[in-house]
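Data block below; observations after.
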Amino acid sequence: MHDLGGQVALVTGASAGIGRHLAHGLAARGATVVGMARTADRLTAAMGEVAAATGARTLALPADVTDRAAVDDAVGRALAEVGAIDLLVNNAGLMDAAEMPVWQADPDAWWAVVESHVRGPQLMVAAVVPGMVERGTGRVVDLASGLSTRGGPIYTAYSVGKTGLMRLTEDLAAGLAGTGVHAFDVAPGVVRTAMSSGMSIHRDRTDWTEPEQVVEMVAAVAAGQLDAWSGRFLRVGVDDPAALAALTPGDDARQLRLRPYGDADPVA
88 MHDLGGQVAL VTGASAGIGR HLAHGLAARG ATVVGMARTA DRLTAAMGEV AAATGARTLA
148 LPADVTDRAA VDDAVGRALA EVGAIDLLVN NAGLMDAAEM PVWQADPDAW WAVVESHVRG
208 PQLMVAAVVP GMVERGTGRV VDLASGLSTR GGPIYTAYSV GKTGLMRLTE DLAAGLAGTG
268 VHAFDVAPGV VRTAMSSGMS IHRDRTDWTE PEQVVEMVAA VAAGQLDAWS GRFLRVGVDD
328 PAALAALTPG DDARQLRLRP YGDADPVA
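In structure tokens:
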């Protein structure tokens, strides 16, 4: 396992699901873990369980990532209590409550899902990244999805939000060039959680991604093993961190681009 001793990791959506697995896995590797989530009681219990199981220091900071004041307050408390943040994991995000085409969705509920995946990470980046740039080191992981790269008839708000987040990661990485700070899209595969188990597209699934695989990819990022892949899409369960570390991606590999219709396509 990568040794993350001395690092501080801030994980949003840390009270359950993939975020909870990441909090535990990063703590087990020696990191101090700051967990953020909306529900205070569940978050506090989760961070307490992580600390008891790993011996690592944890901090529970209840906050809604789409609330600017709440984010600024939580990050300020984290900096004051545990010090500089080395790793930011933007994991928190909502899923469409109903499986229906975009024109049938409630507009406000639809937009709330999109906001959770775009406004939330952008607010977290605005609060955390300036400190990383000032120190000349730090890494941001945005939890991507296979739905970041393709459309479909359902889960449209989630798809739009995750696609927006993927572009945000690329823009962030481009702006950070030369600063020593890096940003990554990490698609976790399909981990068996309450959310994924309730989705019709996974009803008959048997090949679930193991949570430890997600932790290992994020830990490899935190350890600096994959800095050459900043601004790009990494897929847990398909990509091997050690193999990626031996490669240097070229041009716009693993980034959102239009695919030309042919050699004569003027938009290519």
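In my numbering, the protein residues as written are 88 to 355.
Beta carbons are placed, not taken as given, at the ideal position from N, Cα and C, and that holds for glycine.
Residue i - DSSP class collapsed to helix/strand/coil
{"i": "aspartate 229", "result": "strand"}
{"i": "histidine 111", "result": "helix"}
{"i": "methionine 52", "result": "Shown here, the chain extends from 88 to 355; a query on residue 52 therefore has no answer."}
{"i": "arginine 116", "result": "coil"}
{"i": "arginine 254", "result": "helix"}
{"i": "aspartate 326", "result": "strand"}
{"i": "leucine 234", "result": "helix"}
{"i": "alanine 315", "result": "helix"}
{"i": "leucine 321", "result": "strand"}
{"i": "tyrosine 242", "result": "coil"}
{"i": "valine 162", "result": "helix"}
{"i": "aspartate 339", "result": "coil"}
Range covered by the beta strand (DSSP E) that runs through residue i
{"i": "proline 217", "result": "Counting along the chain, proline 217 falls outside any beta strand (DSSP E), though it belongs to the alpha helix (DSSP H) covering 194-222."}
{"i": "aspartate 272", "result": "268-274"}
{"i": "valine 95", "result": "95-99"}
{"i": "valine 189", "result": "Unbroken run through valine 189: none, as it is neither H nor E."}
{"i": "asparagine 178", "result": "Taken as a continuous stretch (DSSP letters only), asparagine 178 belongs to no beta strand (DSSP E), as it is neither H nor E."}
Reference residue i; option with closest CA among the options
{"i": "glycine 233", "options": "Leu252, Val227 and Leu113", "result": "Leu252"}
{"i": "threonine 266", "options": "Thr224, Pro208, Asp229 and Ala127", "result": "Thr224"}
{"i": "isoleucine 241", "options": "Ala185, Pro217, Val301 and Glu202", "result": "Ala185"}
{"i": "glutamine 375", "options": "Asp352, Gly106, Ala179 and Ser246", "result": "No information on residue 375 is available, as it lies outside the stretch 88 to 355 that the chain covers here."}
{"i": "serine 102", "options": "Gly324, Ala315, Ala132 and Gly349", "result": "Ala132"}
{"i": "proline 336", "options": "Gly349, Ala330 and Trp316", "result": "Trp316"}
Paired residues, beta bridge with residue i - DSSP
{"i": "threonine 153", "result": "The partner list for threonine 153 (beta bridge, DSSP) is empty, contrary to what the question assumes."}
{"i": "alanine 140", "result": "According to DSSP, alanine 140 bridges with nothing at all."}
{"i": "alanine 147", "result": "Gly122"}
Start and end residues, alpha helix (DSSP H) containing residue i
{"i": "valine 308", "result": "298-309"}
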